[in-house]
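Peer 1:
6 protein chains.
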Amino acid sequence: MVRRGLYVGRFQPFHLGHLSVIEKILDEVDELVIVIGSAQYSHDVDNPFTAGERLVMVRGVLKEANVDVERVWIVPVPDVDLHMMWVAEVEGYTPKFTVVYTNEPLTRRLFTEAGYKVRAIPFYDRQVYSSTVIREKMTKGQGWKKLVPATVAAFIEQIDGTNRLKDLNKKDKR
Amino acid sequence: MVRRGLYVGRFQPFHLGHLSVIEKILDEVDELVIVIGSAQYSHDVDNPFTAGERLVMVRGVLKEANVDVERVWIVPVPDVDLHMMWVAEVEGYTPKFTVVYTNEPLTRRLFTEAGYKVRAIPFYDRQVYSSTVIREKMTKGQGWKKLVPATVAAFIEQIDGTNRLKDLNKKDKR
Amino acid sequence: MVRRGLYVGRFQPFHLGHLSVIEKILDEVDELVIVIGSAQYSHDVDNPFTAGERLVMVRGVLKEANVDVERVWIVPVPDVDLHMMWVAEVEGYTPKFTVVYTNEPLTRRLFTEAGYKVRAIPFYDRQVYSSTVIREKMTKGQGWKKLVPATVAAFIEQIDGTNRLKDLNKKDKR
Amino acid sequence: MVRRGLYVGRFQPFHLGHLSVIEKILDEVDELVIVIGSAQYSHDVDNPFTAGERLVMVRGVLKEANVDVERVWIVPVPDVDLHMMWVAEVEGYTPKFTVVYTNEPLTRRLFTEAGYKVRAIPFYDRQVYSSTVIREKMTKGQGWKKLVPATVAAFIEQIDGTNRLKDLNKKDKR
Amino acid sequence: MVRRGLYVGRFQPFHLGHLSVIEKILDEVDELVIVIGSAQYSHDVDNPFTAGERLVMVRGVLKEANVDVERVWIVPVPDVDLHMMWVAEVEGYTPKFTVVYTNEPLTRRLFTEAGYKVRAIPFYDRQVYSSTVIREKMTKGQGWKKLVPATVAAFIEQIDGTNRLKDLNKKDKR
Amino acid sequence: MVRRGLYVGRFQPFHLGHLSVIEKILDEVDELVIVIGSAQYSHDVDNPFTAGERLVMVRGVLKEANVDVERVWIVPVPDVDLHMMWVAEVEGYTPKFTVVYTNEPLTRRLFTEAGYKVRAIPFYDRQVYSSTVIREKMTKGQGWKKLVPATVAAFIEQIDGTNRLKDLNKKDKR
Numbered sequence: 011m012v013r014r015g016l017y018v019g020r021f022q023p024f025h026l027g028h029l030s031v032i033e034k035i036l037d038e039v040d041e042l043v044i045v046i047g048s049a050q051y052s053h054d055v056d057n058p059f060t061a062g063e064r065l066v067m068v069r070g071v072l073k074e075a076n077v078d079v080e081r082v083w084i085v086p087v088p089d090v091d092l093h094m095m096w097v098a099e100v101e102g103y104t105p106k107f108t109v110v111y112t113n114e115p116l117t118r119r120l121f122t123e124a125g126y127k128v129r130a131i132p133f134y135d136r137q138v139y140s141s142t143v144i145r146e147k148m149t150k151g152q153g154w155k156k157l158v159p160a161t162v163a164a165f166i167e168q169i170d171g172t173n174r175l176k177d178l179n180k181k182d183k184r
Numbered sequence: 011m012v013r014r015g016l017y018v019g020r021f022q023p024f025h026l027g028h029l030s031v032i033e034k035i036l037d038e039v040d041e042l043v044i045v046i047g048s049a050q051y052s053h054d055v056d057n058p059f060t061a062g063e064r065l066v067m068v069r070g071v072l073k074e075a076n077v078d079v080e081r082v083w084i085v086p087v088p089d090v091d092l093h094m095m096w097v098a099e100v101e102g103y104t105p106k107f108t109v110v111y112t113n114e115p116l117t118r119r120l121f122t123e124a125g126y127k128v129r130a131i132p133f134y135d136r137q138v139y140s141s142t143v144i145r146e147k148m149t150k151g152q153g154w155k156k157l158v159p160a161t162v163a164a165f166i167e168q169i170d171g172t173n174r175l176k177d178l179n180k181k182d183k184r
Numbered sequence: 011m012v013r014r015g016l017y018v019g020r021f022q023p024f025h026l027g028h029l030s031v032i033e034k035i036l037d038e039v040d041e042l043v044i045v046i047g048s049a050q051y052s053h054d055v056d057n058p059f060t061a062g063e064r065l066v067m068v069r070g071v072l073k074e075a076n077v078d079v080e081r082v083w084i085v086p087v088p089d090v091d092l093h094m095m096w097v098a099e100v101e102g103y104t105p106k107f108t109v110v111y112t113n114e115p116l117t118r119r120l121f122t123e124a125g126y127k128v129r130a131i132p133f134y135d136r137q138v139y140s141s142t143v144i145r146e147k148m149t150k151g152q153g154w155k156k157l158v159p160a161t162v163a164a165f166i167e168q169i170d171g172t173n174r175l176k177d178l179n180k181k182d183k184r
Numbered sequence: 011m012v013r014r015g016l017y018v019g020r021f022q023p024f025h026l027g028h029l030s031v032i033e034k035i036l037d038e039v040d041e042l043v044i045v046i047g048s049a050q051y052s053h054d055v056d057n058p059f060t061a062g063e064r065l066v067m068v069r070g071v072l073k074e075a076n077v078d079v080e081r082v083w084i085v086p087v088p089d090v091d092l093h094m095m096w097v098a099e100v101e102g103y104t105p106k107f108t109v110v111y112t113n114e115p116l117t118r119r120l121f122t123e124a125g126y127k128v129r130a131i132p133f134y135d136r137q138v139y140s141s142t143v144i145r146e147k148m149t150k151g152q153g154w155k156k157l158v159p160a161t162v163a164a165f166i167e168q169i170d171g172t173n174r175l176k177d178l179n180k181k182d183k184r
Numbered sequence: 011m012v013r014r015g016l017y018v019g020r021f022q023p024f025h026l027g028h029l030s031v032i033e034k035i036l037d038e039v040d041e042l043v044i045v046i047g048s049a050q051y052s053h054d055v056d057n058p059f060t061a062g063e064r065l066v067m068v069r070g071v072l073k074e075a076n077v078d079v080e081r082v083w084i085v086p087v088p089d090v091d092l093h094m095m096w097v098a099e100v101e102g103y104t105p106k107f108t109v110v111y112t113n114e115p116l117t118r119r120l121f122t123e124a125g126y127k128v129r130a131i132p133f134y135d136r137q138v139y140s141s142t143v144i145r146e147k148m149t150k151g152q153g154w155k156k157l158v159p160a161t162v163a164a165f166i167e168q169i170d171g172t173n174r175l176k177d178l179n180k181k182d183k184r
Numbered sequence: 011m012v013r014r015g016l017y018v019g020r021f022q023p024f025h026l027g028h029l030s031v032i033e034k035i036l037d038e039v040d041e042l043v044i045v046i047g048s049a050q051y052s053h054d055v056d057n058p059f060t061a062g063e064r065l066v067m068v069r070g071v072l073k074e075a076n077v078d079v080e081r082v083w084i085v086p087v088p089d090v091d092l093h094m095m096w097v098a099e100v101e102g103y104t105p106k107f108t109v110v111y112t113n114e115p116l117t118r119r120l121f122t123e124a125g126y127k128v129r130a131i132p133f134y135d136r137q138v139y140s141s142t143v144i145r146e147k148m149t150k151g152q153g154w155k156k157l158v159p160a161t162v163a164a165f166i167e168q169i170d171g172t173n174r175l176k177d178l179n180k181k182d183k184r
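This is the structure in structure tokens:
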């Protein structure tokens, strides 16, 4: 039977740490389900990019990195308000998986309580590679491109993403 | 064809700056659609007044200021969680419009991306005329009535609005 | 004190019976709140028109019929799933009202239970003037224009409304 | 006729102050409806326990304290986004009640506006008995068990509640 | 450990078949969780009664039938749109249970897929005792009271439930 | 620039007609975005399969048919209640596309009104290849496997899909 792992991220934006995690998980499983979490959000300071834009980022990176796309599933999953139903929702949107990769305490707890095997995600330097840090640098006009794969940097430029984020940080809509 | 503008505000509460904006926009367009945004909220510290109460405020002011009501549409529109669907929702609730007046960065960006012509709203002193400032003054028992049209001050008094806001600020329900 | 009535309709589309009701109610009250119900729906077989389009219809008719717009409030209100909260929602979206005009049994019951005075709506021929009948005639290509005010007929033509409804009836999206 | 009171709390977790309030209210009314508010939330830092878990806590405490369960109704009620519909929702989920016990300003205002008699909840030391304080102590590993009834302490231990809360505080899922 | 069963019904209204089921299940388990399903609905033809009214019915019947209320939990649970998350929601609203009693195919399938032991509900004459049949008889003015416990018949009379249902059947609000 | 098409289906289940459409569209565009519509539904008679299961079907078929997966995007998109916001939602979940393939009248109308180029989907025998027909055959125990790709038939067997659908048709949960 296929060993299939699950990896959940918001990828706002996708960075080199994410890529490193994906490559290492693919050494341990046959297939990987990458969930683009909080799929319904975009155009806010913590979630500047749409699910569609993040899908383009992930696919572009996997191709650039020569990852075999047949081994990867990329699935946007919208959030639900209620943590107690989130695991069931992820199960409903994805192919069956048997192991969950996460360092995030709540995700670990929710999937553990639901009976899944949970493994820590492989090491990368979380101080350096951090979507939060990247969004801050984008907003302040500091260099951020070396923190993401080249294809992501190019795509964000193409959709004028840095200016979108700067605008959003001037003042949020509400 | 009718030149119709759009102006979105929460009007919590409506103040003299809003009136000034509306009067100036009406010099530039034939008709104006005033959207009462975040229509579903009320009774919280940032949104003390119901959509119905705000509707009363706006109508009262327009009458007091001798604005021709036939040139104005006032439409409450509830928020949606998802910024990416908000422009479509506004389009669904309002008569067709061709130009959007806003200084708000996200609103400008969303409508621009959707292909609308966006103009800056006419000048008024945003330090002085600010709903946030007015709510703070109301809460602290400081003078706020000269910042709003007389009809708004009278209406808020009539619905005991200042005490409602003070209560809400003692401690929010959740 | 202002005697203010409430009248709820979906106005899909607005027809001569609606106009007759509004004119008669205005003989009994000082002001009338016209709620455009089920405001969030459009583009389905029972709700072909958006709230914005219905707003245009109602305003146009009132002007055509020389109704004093200062005596009328037109407010789109989205449905809630739960009947038990609907009265509270209508109260939140509208100016205060004291009498409800309806022949609709559930609306009468809900507002009566909530303590409102409810009156039957004035007589008009419901067999002839019926939005359901009009939508059927539109779909079948039969004459429907004499059932609605001239301004409504013209507006529906302008937005290509008959063809929209015909399309929707070919097969619903879901 | 039965005099029935209403008491709303989130009970995250239930503590001795809550018990004291319930016992005192039961001296004044025939029956008490205890609403477990914000019922849909769990697994977040302010709402660590599910509605089901809180139900177990309240029932266990009432039994431990020899409260006559026939005089008490325990009803989980999910929040609605809109304060203006919350009273109607509580009415829909509960048996009829005539008096509301609360010190919370918004709850008092909402029920007062809706025509209910509202009484202050009986005295207890809110500095000491506070769910917020208890959650902080749980998170920091400080003693909290003497602030809650013994049955609550035992139940939280049984469901590993302290560790859940510690995990949630490490970093929230979103 | 406590053997706890789960039994889900809408109880629109509660009838003698329901009572028979509850009594028989209580012969097999220590405690029973009775879920009042579709809790959020009321005032429609298939769901005339609020969750609060149904709660009153169930409690009244259990008392009338001398069921030990300490062995029973009664929990209203609102529906979710998505079947795939419903089991998780029920788990979140109730105390832990280990066996589910149902004859309903979907409920059986959903809980079976989620790993629960599911048992058929004990026999009663479903042709005779049926909420659907009772609602039809109420609507048509036929005798229905002998199909429900005496306390339910009295309560429905007290809240004028038959007339509510008749009104709802004249014409549904939407 | 990449010519990218959009094709929306519910794929309950995916059948040979769908495959034929996809192959023909791929002759006309560089890339195709396949939207798995109504993604949030499952376990009901019209939507028996989860988004995740449908994703497995589509991917399996594309591989079996030697379609270049690099040219295809498969994106589950949940429905929104409001037709007027659906186009905006699809745009938010997908990579940018310029042409929409559909024979469905409402989809055609909505995307046309939003300014997209819409083309009819290539011919296949809709009487024979129809998800509705297939679900009926499944329910009645008639032969359906020759109407779907072999990999879909095998997958449905593996997840016991036929029995799920039969159960759902015995009686729907609500």
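Protein chains in written order, with my numbering: chain A, 11 to 184; chain B, 11 to 184; chain C, 11 to 184; chain D, 11 to 184; chain E, 11 to 184; chain F, 11 to 184.
Just so it is clear, CB atoms sit at the ideal spot from N, CA and C, and this is done for glycine as well.
Since we're looking at a predicted model, the values are computed, not measured.
Please state the DSSP three-state secondary structure of I166(D).
Peer 2: Residue mapping note: residue 166(D) aligns to position 156 of the fourth sequence, counting from 1. If DSSP states are grouped into helix, strand and coil, I166(D) belongs with the helices.
Peer 1: Could you list which residues in chain A have their beta carbon closer than 7 Å to that of L120(B), in chain order?
Peer 2: As a working note, residue 120(B) is residue 110 in the second sequence. By Cβ distance, chain A contributes H53.
Peer 1: Using a Cβ-Cβ cut-off of 8 Å, state whether R64(E) counts as contacting chain C.
Peer 2: Taking the fifth sequence and counting its residues from 1, one reaches residue 64(E) at position 54. It does not: the Cβ of R64(E) has no partner Cβ on chain C nearer than 8 Å.
Peer 1: For V12(D), which residues of its own chain have a beta-carbon under 8 Å away from its beta-carbon, when the five flanking residues on both sides are left out?
Peer 2: Your numbering for residue 12(D) matches position 2 in the fourth sequence. Taken in chain order, the residues that qualify are D40 and E41.
Peer 1: Put K127(B) into one of helix, strand or coil per three-state DSSP.
Peer 2: Position 117 of the second sequence, counted from the start, is the residue given in the question as residue 127(B). Residue state, collapsed to three classes: strand.
Peer 1: With DSSP run on the structure shown, which of helix, strand or coil describes W96(C)?
Peer 2: Locating residue 96(C) in the third sequence gives position 86, counting from the first residue. Residue state, collapsed to three classes: helix.
Peer 1: Across the segment 28-36 of chain D and the segment 133-145 of chain B, are there enough close Cβ pairs to call them in contact, namely three or more that are closer than 8 Å?
Peer 2: With the cut-off at 8 Å, the segment 28-36 of chain D and the segment 133-145 of chain B do not touch.
Peer 1: Are V87(B) and I131(B) closer than 8 Å when you measure CB to CB?
Peer 2: Within the second sequence, residue 87(B) is the residue found at index 77, counting from 1. Within the second sequence, residue 131(B) is the residue found at index 121, counting from 1. Their beta carbons are not under 8 Å apart, which means V87(B) does not touch I131(B) by this criterion.
Peer 1: How close, in whole Å, do the beta carbons of F21(A) and R64(A) come, if the pair is a contact with beta carbons under 8 Å?
Peer 2: Numbered from its first residue, the first sequence carries residue 21(A) at position 11. Numbered from its first residue, the first sequence carries residue 64(A) at position 54. That pair is a contact at about 5 Å.
Peer 1: Which two residues bound the contiguous alpha helix (DSSP H) that contains L157(C)?
Peer 2: The count along the third sequence starts at 1 and reaches residue 157(C) at position 147. Segment: none, L157(C) is in no alpha helix (DSSP H) and carries neither H nor E.
Peer 1: Quick one: is K34(B) near chain D, going by C-beta distance under 8 Å?
Peer 2: For the purposes of this step, residue 34(B) is identified with residue 24 of the second sequence, where counting begins at 1. So, not an interface residue.
Peer 1: List the residues of chain A whose Cβ lies closer than 7 Å to the Cβ of A61(F), in chain order.
Peer 2: Counted from its first residue, the sixth sequence places residue 61(F) at position 51. Ordered by position in chain A, the residues that pass the 7 Å Cβ test against A61(F) are G102 and Y103.
Peer 1: Within 10 angstroms of its Cβ, does R136(E) collect 16 or more other Cβ (buried), or is it exposed?
Peer 2: In the fifth sequence, counting from the first residue as 1, residue 136(E) sits at position 126. R136(E) should be labelled exposed.
Peer 1: Does DSSP put R14(C) in a helix, in a strand, or in coil?
Peer 2: For the purposes of this step, residue 14(C) is taken as residue 4 along the third sequence, with counting starting at 1. Three-state result, R14(C): strand.
Peer 1: Is the Cβ of W83(E) closer than 8 Å to any Cβ of chain D?
Peer 2: On the fifth sequence, position 73 is the one that residue 83(E) refers to. By this cut-off, W83(E) is an interface position.
Peer 1: I need the straight-line Cα distance from G15(F) to E38(A), nearest angstrom please.
Peer 2: Walking along the sixth sequence from the start, residue 15(F) turns up at place 5. Walking along the first sequence from the start, residue 38(A) turns up at place 28. Taking the straight line from one Cα to the other gives about 35 Å.
Peer 1: Could you compute how far the alpha carbon of K183(D) sits from the alpha carbon of L116(A)?
Peer 2: Within the fourth sequence, the letter at position 173 stands for residue 183(D). Within the first sequence, the letter at position 106 stands for residue 116(A). Confidence is the limiting factor: at K183(D) the pLDDT is only 37, short of 50, which leaves the residue's position unreliable, though a coordinate-based value still follows. K183(D) and L116(A): Cα-Cα distance of roughly 6 Å.
Peer 1: How close, in whole Å, do the beta carbons of H53(D) and M95(A) come, if the pair is a contact with beta carbons under 8 Å?
Peer 2: As a position in the fourth sequence, residue 53(D) is number 43, starting the count at 1. As a position in the first sequence, residue 95(A) is number 85, starting the count at 1. About 10 Å separates the two Cβ atoms, so there is no contact after all.
Peer 1: If I measure Cβ to Cβ from M67(D) and keep anything under 7 Å in the same chain, skipping five residues before and after, which residues do I get?
Peer 2: Stepping through the fourth sequence from its first residue, residue 67(D) is reached at position 57. Correct list, in chain order: F21, P23, F24, V162 and F165.
Peer 1: Hey, could you find the ends of the beta strand (DSSP E) V85(D) is sitting in?
Peer 2: In the fourth sequence, the residue the question calls residue 85(D) occupies position 75. From DSSP, the beta strand (DSSP E) with V85(D) extends over V82 to P86.
Peer 1: Looking at the strands, I want to know which residues DSSP matches up with Y111(D).
Peer 2: Position 101 of the fourth sequence holds residue 111(D). Note: Y111(D) sits in a beta bridge opposite Y17(D) and R129(D).
Peer 1: Since K150(B) meets chain D, which of its residues come closer than 7 Å, beta carbon to beta carbon?
Peer 2: For the purposes of this step, residue 150(B) is identified with residue 140 of the second sequence, where counting begins at 1. Chain D residues near K150(B): none, gap ~16 Å exceeds 7 Å.
Peer 1: I need the boundaries of the beta strand (DSSP E) containing L42(C), first residue and last residue.
Peer 2: Position 32 of the third sequence, counted from the first residue, corresponds to residue 42(C). Residues E41 to I46.
Peer 1: I'd like the list of long-range same chain contacts for V18(F), defined as Cβ closer than 7 Å, with 5 residues on each side in sequence excluded.
Peer 2: Position 8 of the sixth sequence, counted from the first residue, corresponds to residue 18(F). Correct list, in chain order: V45, G47, T112 and T117.
Peer 1: Pick helix, strand or coil for K183(D), following the three-state DSSP scheme.
Peer 2: On the fourth sequence, residue 183(D) is found 173 positions in, with the first residue counted as 1. The predicted model places K183(D) with a pLDDT of 37, which falls under 50 and marks its position as unreliable; any figure quoted below should be read in that light. In the structure shown, K183(D) sits in coil (DSSP, three-state: anything other than H, G, I, E or B).
Peer 1: Hey, is E99(E)'s beta-carbon within less than 8 Å of any beta-carbon in chain A?
Peer 2: Here the question's residue 99(E) lines up with position 89 in the fifth sequence. Interface residue, yes.
Peer 1: Rank V97(C), P105(C) and K106(C) by C-alpha distance to the C-alpha of G102(D) and give the top, closest one.
Peer 2: Position 92 of the fourth sequence, counting from 1, holds the residue named residue 102(D). Answer by Cα proximity: V97(C).
Peer 1: When you compare the CB of M11(A) with every CB in chain E, is at least one pair closer than 8 Å?
Peer 2: Position 1 of the first sequence holds residue 11(A). Not closer than 8 Å to any Cβ of chain E, the Cβ of M11(A) fails to qualify, so no.
Peer 1: If we cut at 8 Å on Cβ distances, does D91(E) have a partner in chain F?
Peer 2: The residue you call residue 91(E) lines up with position 81 of the fifth sequence. Yes, D91(E) lies at the interface with chain F (some Cβ there is under 8 Å from its Cβ).
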